[in-house]
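Notes to accompany the following structure.
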Amino acid sequence: MALTVDNISKNFGGVYAVREVSLECQRGEILGLIGPNGAGKTTLMNLITGVSPSDSGTVMLDGKRLNRLSPRKRAYAGVARTFQNIRLFEHLTVRQNVEVAFTSSEFHRARQASRITIDRLLDQMDLLEMADRPAPNLPYGYQRRLEIARALALAPDYLLLDEPAAGMNRLESTALIDSVRFIRDEHGCGIIVIDHDLRFIMNVCERIAVLHMGELIALGTPEEMRNDPRVIEVYIGAQDNNGEAATPAPRPSPSDGETTVERPT
Amino acid sequence: MDSGRPRRRLWHVEGARTLRSVRGATIIAAFAVGIGLLIMLFGEPYQVRLAVAAYINLILVLGLQIFMGNANVANLAHPGFMGLGAYLTSIFAVPLVIKKTLIPNAPFGLGEVQLGVVSSFVAAVSITGIIAALTGLVLVRLSGIAATILTLAILVIIHGVFVHWVDLFRGTQAFYGIPKVAGIETMMIATALVILVARLFKDSRIGVQLRASATNMLAAEAMGVNIRALRLIAWVLGGVVCGIAGALYAYYLGTVNARAFYFHAAFLTLAMHILGGMRSVTGAVVGVALISVAMELIRHLESGPVILGAQLPDLFGLGSLMLGVIIVLVMCLRSDGLMGGLELDEVLDRHWKRWRRGG
Ligand SMILES: Nc1ncnc2c1ncn2[C@@H]1O[C@H](COP(=O)(O)OP(=O)(O)OP(=O)(O)O)[C@@H](O)[C@H]1O
Ligand SMILES: [Mg+2]
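Here the protein sequences line up with chains A and B, keeping their order.
Going by this note's numbering, the first residue of the first sequence is number 394, and it counts up by one from there.
Going by this note's numbering, the first residue of the second sequence is number 89, and it counts up by one from there.
Written as structure tokens, this is what we have:
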């Protein structure tokens with residue numbers, strides 16, 4: 394039982410955003426995906442969820458080929474995600490945001506009937522008190538948590554989190570570590586999590602994959618990644634480019650600057 | 089249930105929630121019908137006629153709101169569906185003697201058919217719904233500007249059929265002899281019912297999912313929302329409501345002409361919809377009420393009224409100009425319309441809470 398990406402590639406106008414990447418996430422595993430800005434992390438997530446079609450390679454979910462399925466069908470099949478640039482349903486309340494995912498897939502995801510309820514999901518993500526507020530009124534960190542609650546309403550077998558800790562302060566990201574672990578234990582799904590906050594990643598993940606310029610350059614336990622010379626090189630390079638040189642970072646949120654500079658030592 | 093699979097319950101809304109929607113719809117309907125009652129009691133006959141016209145426009149705008157307000161796709165085809173409702177009702181309901189002179193070469197043996205008032209209404213609205221479904225199958229494959237242009241094409245095509253299929257629709261000549269069975273009371277009842285339908289739809293699972301897809305299509309797809317299917321449902325329901333507006337129009341006036349179901353009607357109702365606020369059912373009522381009153385005032389100006397003994401010159405075209413100005417102003421200043429996404433009951437609840445806290 395695993396979400397498997399095999400030899401997948403995607404290029405934009407001749408430049409590879411993802412190149413021949415093979416990766417596997419077991420059910421119940423928390424897999425980290427790191428790499429400097431523009432490494433292709435989000436693109437890989439888009440390929441898995443079908444937001445953009447791959448040039449070559451396959452995506453398999455528990456032995457089922459997903460390649461030709463639309464994002465909607467992949468959601469029914471058991472892949473749910475959050476978005477790096479938060480994409481909540483603006484005019485709806487917090488509860489309605491979750492309800493959309495919950496009701497759309499009800500027919501396809503039979504297990505939902507058994508355990509999950511919208512209130513339970515909201516409670517698990519600490520959103521219950523603000524359930525009737527319009528989603529855009531939530532503080533930033535809670536908007537990210539709502540994205541997760543919404544994805545969980547699909548009763549996914551695999552959950553893909555694109556920078557869930559971005560913009561969170563240290564306290565919030567620590568709470569998020571517990572939440573991610575709790576989700577894995579409670580829902581039993583495999584989780585792939587992208588983030589630049591290495592403290593968060595190192596704490597929450599069992600294995601970490603490192604992307605650099607579209608290619609998978611290393612894969613192993615947090616301990617191994619900390620000592621991998623190529624990973625250190627990439628991160629120091631990223632620091633030279635983004636941290637100190639004049640090249641502007643793509644997203645100028647303060648926490649991003651902070652975490653990109655943080656060195657995996 | 090036994091199979092362990094949940095039954096598909098798209099229309100399902102929990103009890104308390106349905107109740108809240110019904111309560112909201114009742115408040116909005118009371119507001120809309122209340123204005124009509126006042127006019128009935130204290131107004132002059134021509135004001136009652138204006139109120140009837142406003143109610144028909146309101147039903148049309150509600151038909152527009154069901155699709156456009158929830159799916160956020162600009163729609164111009166709605167007067168076409170109103171026209172279908174009106175013409176089809178006429179064709180079924182006109183007495184045979186009159187029909188012989190109106191459309192002697194009627195196809196499908198329609199020249200020999202005369203249905204009762206209710207049967208004609210049901211048949212006309214059903215056929216309108218089927219035509220909406222057929223056009224909808226194409227429409228939901230498109231999005232954004234392409235979709236809007238298609239709605240424009242649908243309007244032009246339907247109008248073209250009215251004007252050129254002389255054997256069935258009499259071309260540019262008016263269709264008359266329809267039993268005048270609908271008065272202001274019918275309009276008020278129909279309006280209240282359609283307000284209820286629009287509000288229940290908005291608050292239903294389909295409505296919520298559709299509104300989600302309207303604000304963020306990519307996220308909605310990733311969350312499993314079947315945007316095409318939901319848009320199709322809204323499109324057909326909206327088309328049916330527009331058809332109802334047309335049928336009532338025919339039963340009120342007793343005569344039908346293709347000109348009434350073209351661009352002027354499209355822009356008038358679009359301006360009403362936009363002014364009130366597309367996302368709100370209450371907005372439809374507010375927009376129709378305000379623009380109906382304004383258009384009437386302008387009609388006085390257009391005919392060169394006498395003010396303080398001075399005869400003002402005729403100002404034709406002022407009405408269309410005002411509609412244009414309203415659309416531009418709302419788009420620039422308050423693109424969400426007067427109501428934003430709010431409903432009357434929500435506004436009242438908010439004030440009530442504030443008042444209680446304050447007092
Ligand atoms: N739709 C697109 N069209 C063209 N180029 C794209 C597109 N999406 C991504 N790219 C390019 O692909 C590369 C990888 O981008 P991607 O967003 O996957 O990086 P990332 O690892 O998620 O970076 P970040 O940490 O900044 O989020 C970048 O060079 C980006 O400019
Ligand atoms: Mg990214």
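For every residue, glycine included, the Cβ atom is placed at its ideal position computed from N, Cα and C.
- Would you call Gly-326/B buried or exposed, if buried means 16 or more other Cβ atoms sit within 10 Å of its Cβ? Counting from one through the second sequence, the residue named residue 326/B turns up at place 238. By the neighbour-count rule (16 or more Cβ atoms within 10 Å), Gly-326/B is buried.
- Message: Does the beta-carbon of Lys-434/A, which I'm using as the reference point, lie nearer than 6 Å to any heavy atom of ligand 1?
- Response: On the first sequence, position 41 is the one that residue 434/A refers to. For ligand 1, at least one heavy atom lies less than 6 Å from the Cβ of Lys-434/A.
- Item | Segments assigned beta strand (DSSP E), at least 3 residues, entirely inside the segment 559 to 630 of chain A | 583 to 587, 600 to 605, 608 to 613
- Task: Would you check if the segment 267 to 284 of chain B and the segment 189 to 198 of chain B touch, i.e. whether three or more CB-CB distances between them fall below 8 Å?
- Result: no
- Residues sharing a beta bridge with Glu-417/A, DSSP: Residue numbering aside, residue 417/A sits at position 24 when the first sequence is read from its first letter. Per DSSP, the beta-bridge partners of Glu-417/A are Thr-397/A.
- Item | Neighbour flag for Gln-261/B against chain A, beta carbons, 7 Å | In the second sequence, counting from the first residue as 1, residue 261/B sits at position 173. Cβ-Cβ to chain A under 7 Å: no for Gln-261/B.
- Determine the chain B residues that contact Tyr-469/A at a beta-carbon separation under 7 Å, and present them in chain order. In the first sequence, residue 469/A corresponds to position 76, counting from 1. Here the neighbours are Gly-312.
- Task: Reducing DSSP to helix, strand and coil, say where Pro-464/A ends up.
- Result: By 1-based counting over the first sequence, the position of residue 464/A is 71. If DSSP states are grouped into helix, strand and coil, Pro-464/A belongs with the helices.
- Test: Glu-309/B CB closer than 7 Å to a CB of chain A: The residue given as residue 309/B occupies position 221 in the second sequence. For Glu-309/B, the nearest beta carbon of chain A is closer than 7 Å to its own beta carbon.
- Would a check of beta-carbon distances place Val-435/B closer than 7 Å to chain A? Working through the second sequence from its first residue, we reach residue 435/B at position 347. Taking Cβ atoms only, chain A never reaches closer than 7 Å to Val-435/B, which makes this a no.
- Query: Within the 7 Å Cβ cut-off, does Ala-410/A reach chain B?
  - Reply: What you label residue 410/A is simply residue 17 of the first sequence in a count that begins at 1. Closer than 7 Å to the CB of Ala-410/A there is not a single CB belonging to chain B.
- Message: With a threshold of 7 Å between beta-carbons, can Phe-405/A be considered close to chain B, or not?
- Response: Within the first sequence, numbered from 1, the residue matching residue 405/A stands at position 12. No, Phe-405/A does not count as interfacial toward chain B.
- Same chain, Cβ closer than 7 Å to Ala-333/B, neighbours up to 5 away in sequence not counted: Walking along the second sequence from the start, residue 333/B turns up at place 245. Cβ neighbours of Ala-333/B beyond the five flanking positions: Ile-144, Ile-147, Leu-148, Gly-151, Met-170, Gly-173.
- If we ignore side chains and look at the alpha-carbon of each, how far apart do His-439/B and Asn-158/B end up? For the purposes of this step, residue 439/B is taken as residue 351 along the second sequence, with counting starting at 1. For the purposes of this step, residue 158/B is taken as residue 70 along the second sequence, with counting starting at 1. Taking the straight line joining both Cα atoms gives about 26 Å.
- Identify every run of the alpha helix (DSSP H) within the segment 138 to 182 of chain B, keeping only runs that are complete inside it and at least 4 residues long; order them along the chain. 166 to 181
- Query: Is Phe-476/A near ligand 1, judged by its Cβ being under 6 Å from some heavy atom?
  - Reply: Working through the first sequence from its first residue, we reach residue 476/A at position 83. The answer is no for Phe-476/A.
- Query: Using a C-beta cutoff of 7 Å, does Gln-153/B count as contacting chain A?
  - Reply: Mapped onto the second sequence, residue 153/B falls at position 65. No, its Cβ sits nowhere closer than 7 Å to a Cβ of chain A.
- Does Val-228/B come within less than 7 Å of chain A when only Cβ atoms are used? As a position in the second sequence, residue 228/B is number 140, starting the count at 1. At a cut-off of 7 Å between beta carbons, Val-228/B makes no contact with chain A.
- Item | Minimum Cβ-Cβ distance from Phe-689/A to chain B less than 7 Å | The structure shown does not extend to residue 689/A, since chain A is modelled only from 394 through 658, so no value can be given for it.
- State yes or no: is the C-beta of Ala-410/A nearer than 6 Å to some heavy atom of ligand 1? Within the first sequence, residue 410/A is the residue found at index 17, counting from 1. Ala-410/A: yes, Cβ under 6 Å from ligand 1.
- Determine the direct distance from the alpha carbon of Ala-395/A to that of Met-595/A, and round the result to whole angstroms. Numbered from its first residue, the first sequence carries residue 595/A at position 202. Numbered from its first residue, the first sequence carries residue 395/A at position 2. Straight-line Cα distance between these residues: approximately 22 Å.
- Is the Cβ of Pro-527/A closer than 7 Å to any Cβ of chain B? By 1-based counting over the first sequence, the position of residue 527/A is 134. Not closer than 7 Å to any Cβ of chain B, the Cβ of Pro-527/A fails to qualify, so no.
- Query: Start and end of the alpha helix (DSSP H) containing Asp-291/B?
  - Reply: Against the second sequence, residue 291/B aligns to sequence position 203. First-last of the alpha helix (DSSP H) with Asp-291/B: 272 to 291.
- Look up Lys-457/A in the DSSP assignment and say whether it is helix, strand or coil. Position 64 of the first sequence holds residue 457/A. Reduced to three states, the DSSP call for Lys-457/A is strand.
- Query: When the Cβ atoms of the segment 346 to 361 of chain B are set against those of the segment 403 to 414 of chain B, are three or more pairs found closer than 8 Å?
  - Reply: Enough Cβ pairs lie closer than 8 Å, so yes.
- Query: Just reading off the beta strand (DSSP E) that Asp-350/A is part of, what are its end residues?
  - Reply: This structure cannot speak to residue 350/A, because chain A is shown only from 394 to 658.
- Query: For ligand 1, is there a heavy atom less than 6 Å away from the beta-carbon of Gly-443/A?
  - Reply: In the first sequence, counting from the first residue as 1, residue 443/A sits at position 50. No.
- Message: Short of 8 Å Cβ to Cβ, which residues in the segment 482 to 497 of chain A face chain B?
- Response: Per Cβ criterion, the list reads Phe-482, Glu-483, His-484, Leu-485, Gln-489, Asn-490, Glu-492, Val-493, Ala-494, Thr-496, Ser-497.
- Task: Give the range of the beta strand (DSSP E) segment to which Gly-124/B is assigned.
- Result: As a position in the second sequence, residue 124/B is number 36, starting the count at 1. Premise fails: Gly-124/B lies in the alpha helix (DSSP H), 103 to 130, not in any beta strand (DSSP E).
- Mind pulling the chain A residues with CB within less than 7 Å of Gln-297/B? Stepping through the second sequence from its first residue, residue 297/B is reached at position 209. Here the neighbours are Val-493, Thr-496, Ser-497.
- Query: Are there 16 or more other CB atoms within 10 angstroms of the CB of Glu-499/A, so buried, or fewer, so exposed?
  - Reply: To locate residue 499/A, count along the first sequence from 1; it is residue 106. Label assigned to Glu-499/A: buried.
- Message: Below 8 Å on the Cβ atoms is my contact criterion, and I expect Leu-520/A with Tyr-535/A to pass it. Report the Cβ-Cβ distance as a whole number of Å.
- Response: Along the first sequence, read from residue 1 onward, the residue named residue 520/A stands at position 127. Along the first sequence, read from residue 1 onward, the residue named residue 535/A stands at position 142. With a Cβ gap of about 6 Å, Leu-520/A and Tyr-535/A count as contacting.
- Message: Using a Cβ distance threshold of 8 Å, determine whether the segment 312 to 332 of chain B contacts the segment 206 to 218 of chain B, with at least three qualifying pairs required.
- Response: yes
- Message: Using beta carbons (cut-off 7 Å, strictly below), is Arg-105/B in contact with chain A?
- Response: Numbered from 1 along the second sequence, position 17 holds the residue referred to as residue 105/B. For Arg-105/B, the answer is no, since every Cβ of chain A falls outside 7 Å of its Cβ.
- Along the segment 433 to 458 of chain A, what residues have a CB closer than 9 Å to any CB found in chain B? Of all residues in the segment 433 to 458 of chain A, Thr-442, Gly-443, Val-444 have a Cβ within less than 9 Å of some Cβ in chain B.
- Message: With H, G and I counted as helix, E and B as strand and the rest as coil, what does DSSP make of Gly-334/B?
- Response: Within the second sequence, the letter at position 246 stands for residue 334/B. Gly-334/B falls in the helix class under three-state DSSP.
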